[in-house]
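Quick notes on the structure that follows.
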Amino acid sequence: LRDFAKTHDKLVVKSGYFEGKLLSQEDVQKLADLESREVLLAKAAGAMKASMSKAAAVFAAPLSKTARTVDALRAKQEAA
């Protein structure tokens, strides 16, 4: 409807009705500007994946640091 209204000047949305509530023209515009459900779900999934990757890196860091420390000590003992 929004795309049709862009090309047809005579169509003007003055209000709307959504889930039992009357919407003002401004509310209808905000609702029309929302991205599609699929896009919002994809963004949420991407945000969760990024958070999980960061958490995995945080949990793995102490293990890798310990391994590097052990390797450095081993190299130091071999050099001595």
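In case it helps, the working numbering puts the sequence shown at residues 460 to 539. Don't be surprised by glycine CBs; every beta carbon is placed ideally from N, CA and C. Please read all numbers here as calculations on a predicted model, not as lab measurements.
Where the alpha helix (DSSP H) through residue i begins and ends
i	result
K489	484 to 492
L499	496 to 538
Element boundaries [beta strand (DSSP E), containing residue i]
i	result
G475	475 to 477
Proximity winner among the options, relative to residue i (alpha-carbon distances)
i	options	result
G475	D530, K469, S483	S483
V487	A515, A531, K535, R461	R461
Cβ-based neighbour list, residue i, same chain, cut-off 7 angstroms, excluding 5 preceding and 5 following
i	result
K473	Q484
M507	none
CB-CB length for residue i against residue j, believed under 8 angstroms
i	j	result
L470	F463	6 angstroms
Cutoff 8 angstroms; reference residue i; Cβ partners in own chain excluding five residues on either side
i	result
P521	none
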